[in-house]
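A short write-up of the structure that comes next.
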Amino acid sequence: MTGTEMLRRRTALLVRPELDDQPLHLTLTRLRPTAQLHGLGAGPTRPVWEPVAELLRGTGRDWDRRVHRISVLARHLPPAVCARWAADRPGDGDALVLRAFVQVTRAAAEGRAAVRPAEQACLRAADVCTADPTPWLALLGLMRSFAVPVHDAVPVWIEAVSRAPWHRTAYHDLLRYLSPRGHGTVAAMLDFARQSAARSPYGSPIALLPVAARVEIVAHRLRQSAPGAGLLWNEPQVAEELDTALFQWFDSRATPHAEALIDLNVLAFALIQAHRPADARRVLTRTGHHMTPHPWDLLPEPERTFRYWSGR
7 MTGTEMLRRR TALLVRPELD DQPLHLTLTR LRPTAQLHGL GAGPTRPVWE
57 PVAELLRGTG RDWDRRVHRI SVLARHLPPA VCARWAADRP GDGDALVLRA
107 FVQVTRAAAE GRAAVRPAEQ ACLRAADVCT ADPTPWLALL GLMRSFAVPV
157 HDAVPVWIEA VSRAPWHRTA YHDLLRYLSP RGHGTVAAML DFARQSAARS
207 PYGSPIALLP VAARVEIVAH RLRQSAPGAG LLWNEPQVAE ELDTALFQWF
257 DSRATPHAEA LIDLNVLAFA LIQAHRPADA RRVLTRTGHH MTPHPWDLLP
307 EPERTFRYWS GR
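Just so we're aligned, residue 7 is where the sequence shown starts under the working numbering, counting upward by one.
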């Protein structure tokens, strides 16, 4: 391979929170902090928040994509954009939901004094956007950040899935809550993952939940410096979990959901760990050059490993 070819392959890797959501990527690019945004001005007639409003209006009732876009915007938009939108349009449902996510993110960093305002922001957004599961997921995230017991969090999760029964993010959020890295146990997490996958409709990414749970166990054991993390992939249930994920979701050719690239990366990682390179190659072909930091961060050289396997 020539030096030019090596350089081209090395610079092609895409690791970005918006994943392959090009409209979201363009919105973030336009609103990246610049001299033009100093003082909150984006021009004499166009509010600085208007591109965000247009993006969320266009998202409509695609609840998976809505929560993906709002959570990424809350973490990566200049704070002035969200503040100005909330001030200019205090009753706007999209502005309220975004503000709830921003305040939940801020509360995790600022501590308990910020919990009450964040909770109120979530409930206010839920009151205005009555059909939207997104405010309830913001509240669930707040509860997880502050170690609210699982039995108190489940009713909030039910509020979300009652509005969107097979909401991918809702299931993964509760999985993380039930994880030993969250506030649960391995047994509770696996039971939830397996029951959810067994009930999920054909083509739903919820079929991947037991695989995601196994990755959570690996991450927990590595964090605890517990031996035998890699041996999890030799257990008898692994083959069935991977076969189910491939048949029920990957091979179904269902319309890609907003965070499909995250699921593809998890599935490829698991297939590699389980020594199924042929299936891993099929999955990595669909990821293209999009790598998600997790679960590859469980390996010593994440990018190098991803490049190696995707290059094959």
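Cβ atoms here follow ideal geometry from the backbone N, Cα and C, with glycine treated the same way.
- Which residue's Cα is closest to the Cα of L19: M297, G317 and L305? M297
- E116 versus V110: straight-line alpha-carbon distance, rounded: 10 Å
- Straight-line gap, R174 to R81 (C-alpha atoms, nearest Å): 20 Å
- Message: Comparing C-alpha positions only, which one of A276, E246 and R205 sits nearest to G236?
- Response: A276
- Compare the beta carbon distance of E246 and L181 with 9 Å and say whether it is the shorter of the two. no
- Task: Check whether the Cβ of R220 lies closer than 9 Å to any Cβ atom in chain C.
- Result: Included in the structure is just one protein chain, with no chain C present.
- Message: For a minimum of 3 consecutive residues, which ranges assigned as the beta strand (DSSP E) are wholly contained in the segment 94–142?
- Response: none
- Where the alpha helix (DSSP H) through R292 begins and ends: P283 to T293
- Message: Quick check on the burial criterion: 16 or more other C-beta atoms within 10 angstroms. Buried or exposed for S168?
- Response: exposed
- Query: What residues match up with H296 in a beta bridge as DSSP calls it?
  - Reply: L20
- What residues in its chain sit with their C-beta under 8 Å from that of R36, if we drop five residues either side in the sequence? P57
- Does the ligand HEM have even one heavy atom less than 8 Å from the beta-carbon of H31? This structure does not include the ligand HEM; it has no bound ligands of any sort.
- Message: Just to confirm before moving on: does the CB-CB distance between L61 and R38 stay below 9 Å?
- Response: no
- Message: If I measure Cβ to Cβ from R71 and keep anything under 8 Å in the same chain, skipping five residues before and after, which residues do I get?
- Response: D27, T65, H263 and A264
- How about L146 and A120: are their beta carbons less than 9 Å apart? no
- Task: Using only alpha-carbon positions, find the residue among D285, R288, R292 and Q279 that is nearest to T311.
- Result: Q279
- Who are the near neighbours of H300 in its chain, counting only those whose CB is closer than 6 Å to its CB and skipping five residues on each side? none
- Query: Is the Cβ-Cβ distance between P141 and V103 less than 9 Å?
  - Reply: yes
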